[in-house]
Amino acid sequence: MTRLAQTAGLNDVQREILSTVRDFVDKEIIPVATGLEHRDEYPTEIVEGLKELGLFGLMIPEEYGGLGESLLTYALCVEEIARGWMSVSGIINTHFIVAYMLKQHGTQEQRDAFLPRMALGEVRGAFSMSEPALGSDVSAITSKGVREGDEYVLNGQKMWLTNGGTSTLVAVLCRSDEGHPEGTAPHRSMTTFLVEKEPGFGEVRPGLTIPGKIDKMGYKGVDTTELIMDDLRIPANRVLGGVTGRGFYQMMDGVEVGRVNVAARGCGVAQRAFELGVSYAQQRHTFGKPIAQHQAIQFKLAEMATKVEAAHAMMVNAARKKDSGERNDLEAGMAKYLASEYCKEVVEDAFRIHGGYGFSKEYEIERLYREAPMLLIGEGTAEIQKMIIGRRLLEEYRIQG
Ligand SMILES: Cc1cc2nc3c(=O)[nH]c(=O)nc-3n(C[C@H](O)[C@H](O)[C@H](O)COP(=O)(O)OP(=O)(O)OC[C@H]3O[C@@H](n4cnc5c(N)ncnc54)[C@H](O)[C@@H]3O)c2cc1C
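Sequential numbering of the sequence shown, starting at 1352, is according to the numbering used here.
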């Protein structure tokens, strides 16, 4: 049953972690996922299970109480979790990005203050770049932080915060003109603020409102929200890294590892769609034989499995590149682009194999069909990935003279 998406060269610890996560997914996530998703219910028990497994601290260094694992281990765990239910991988993804940004860019005081509690899942992270008028064009951000004494006063409206309600620490990207007068390039005038808050909705701290959950077509269970800052006061020591003007680079670094993560989600959802398709094709009979015995359906299965394999290989390559300390924006962009497109195609083929039953809410593929499109958008659309890939290729293949 697990012939596809194997990863060569894993060590014993990685294999053990993955086997534990796969077991958890099969026993604790898959049986309840579709019911919870249809009710748009937060998977509280699953999240408690993830905490016990240490998954909130998977990549946080051991000195802060985490497991200190690699991006590859993390991505392979995400693949397994998304195979069970993509929303659960969304719950840990923004947390992971914020922890990664703290580890890479935070001051020592900020790391000490947050990482140990993040490793336990007591502090839960969300990250916020998008605004109502922008997503792809991060340089157009209008939310602003202005220094007043030992504080910054933040104003603006943010959009599409995954885990906006359940998180207690949000990394918010704002324009900050202190030391960066008007006319400075946009990417040099942005700052990441670490905003602590209570979980929940409404005014969760003076000057900070989380209005409520956005009603989505899929990716349910996990809360996605707006965030409104109205004279929100943040101590100056909650500027990520202690220095303004670095937010754009910090966020792009976070999003780069996030792209590997979205690729991993695409791999997981595609694997599940393949599993559902190959199983149904052997049970459903038409014209006197299982539909799996019709060549047209076998061809579909062959294409689906090939896409699952290709996406997995590219995702693993992108993760390994980052783990080796090399720049991986090209590989991460390619992996995210390919895995999300293939995921959509594999899910569509599994849906078609189910015939009319794919349209019924009783069948899991119906949920996957509504989930796959999110991967085409999150952490940068296909067009944005292609822009990144194209620019990098022209750097690599620049002709001389
Ligand atoms: C469920 C969900 C969860 C999300 N979670 C988060 C989160 O946690 N934090 C966060 O900050 N954001 C989050 N987002 C926002 C997400 O990152 C953006 O939706 C995404 O980046 C696209 O931005 P946009 O929606 O504004 O589309 P736009 O940027 O308006 O793009 C619209 C279309 O134009 C295309 N386009 C844009 N620019 C170009 C160009 N230069 N060339 C060619 N085509 C172009 C795009 O590819 C797209 O097809 C989430 C979104 C969703 C749907």
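Backbone N, C-alpha and C fix where the C-beta goes; we use that ideal spot for every residue, glycine too.
- In terms of side-chain proximity, the C-beta atom of M1480 is found nearer than 7 Å to a non-hydrogen atom of ligand 1.
- In this structure, F1552 places its C-beta atom within 8 Å of the C-beta atom of G1516.
- Residues V1449, F1465, M1469, V1474, R1475, G1476, A1477, L1545, V1546, E1547, K1548 of the same chain have their beta carbon placed closer than 8 Å to that of L1520, with the five preceding and five following residues left out of the count.
- In terms of Cβ geometry, S1421 and D1674 form a close pair [threshold 8 Å].
- No Cβ-Cβ contact shorter than 8 Å links S1490 with G1507.
- In the structure shown, the three-state DSSP call for K1695 is helix.
- The segment 1354-1363 and the segment 1400-1416 do not touch, with fewer than three beta-carbon pairs separated by less than 8 Å.
- In the structure shown, the three-state DSSP call for E1626 is helix.
- Distance from the CA of M1665 to the CA of M1685, rounded to the nearest whole angstrom, comes to 8 Å.
- Q1736 counts as buried, since no fewer than 16 other beta carbons sit within 10 angstroms of its beta carbon.
- Apart from sequence neighbours up to five positions away, the residues of its chain that approach K1651 with a beta-carbon distance below 6 Å are D1700, ordered along the chain.
- Apart from sequence neighbours up to five positions away, the residues of its chain that approach H1456 with a beta-carbon distance below 6 Å are L1591, G1592, Q1601, ordered along the chain.
- In the displayed model, G1551 falls within coil according to three-state DSSP, outside both helix and strand.
- For H1645, no pairing in a beta bridge is given by DSSP.
- K1564 and P1394 have their C-alpha atoms roughly 15 Å apart.
- Runs of the alpha helix (DSSP H) spanning 4 or more residues and lying entirely within the segment 1513-1595 do not occur at all.
- Rounded to whole angstroms, S1481 and L1404 show a C-alpha spacing of 31 Å.
- The segment 1674-1747 is shown to contain whole alpha helix (DSSP H) runs of 4 or more residues at 1680-1704, 1715-1728, 1733-1747, in chain order.
- One alpha carbon belongs to G1572, the other to S1518, and they sit about 14 Å apart.
- A direct Cα-to-Cα measurement between R1742 and P1483 gives close to 27 Å.
- The Cβ atoms of L1681 and A1662 do not sit closer than 8 Å to each other.
- Ranked by Cα distance from V1659, the options V1697, Q1461, I1432 are led by V1697.
- In this structure, T1575 has its beta carbon less than 7 Å from a heavy atom of ligand 1.
- Burial state of V1364 is exposed, judged by a 10 Å Cβ sphere holding fewer than 16 other Cβ atoms.
- Taken through DSSP and simplified to helix, strand or coil, T1371 comes out as helix.
- When the alpha-carbon of R1703 is set against those of A1433, M1655, E1499, the nearest one is in M1655.
- Between the alpha carbons of A1723 and T1560 lies a distance of about 30 Å.
- Approximately 15 Å separates the beta-carbon atoms of V1429 and R1671; this is outside 8 Å, ruling out the contact.
- By the Cβ-count criterion, E1399 is exposed, with fewer than 16 other Cβ atoms from all chains shown falling within 10 Å of its own Cβ.
- In its chain, beyond the 5 residues on either side, L1422, A1426, M1666, A1669, A1670, K1673, N1679, A1683, A1686, K1687 have a beta carbon closer than 8 Å to the beta carbon of V1611.
- A straight line joining the alpha-carbon of F1638 with that of H1705 spans about 16 Å.
- Annotation: the continuous beta strand (DSSP E) that includes R1498 extends over 1495-1499.
- One alpha carbon belongs to R1462, the other to A1587, and they sit about 16 Å apart.
- Around the beta carbon of L1745, fewer than 16 other beta carbons sit within 10 angstroms, so the residue counts as exposed.
- The Cβ neighbour count for N1362, taken over all protein chains shown within 10 Å, is under 16; the residue is labelled exposed.
- Using a cutoff of 7 Å, the CB of W1511 counts as near ligand 1, since one of the ligand's heavy atoms is closer than that.
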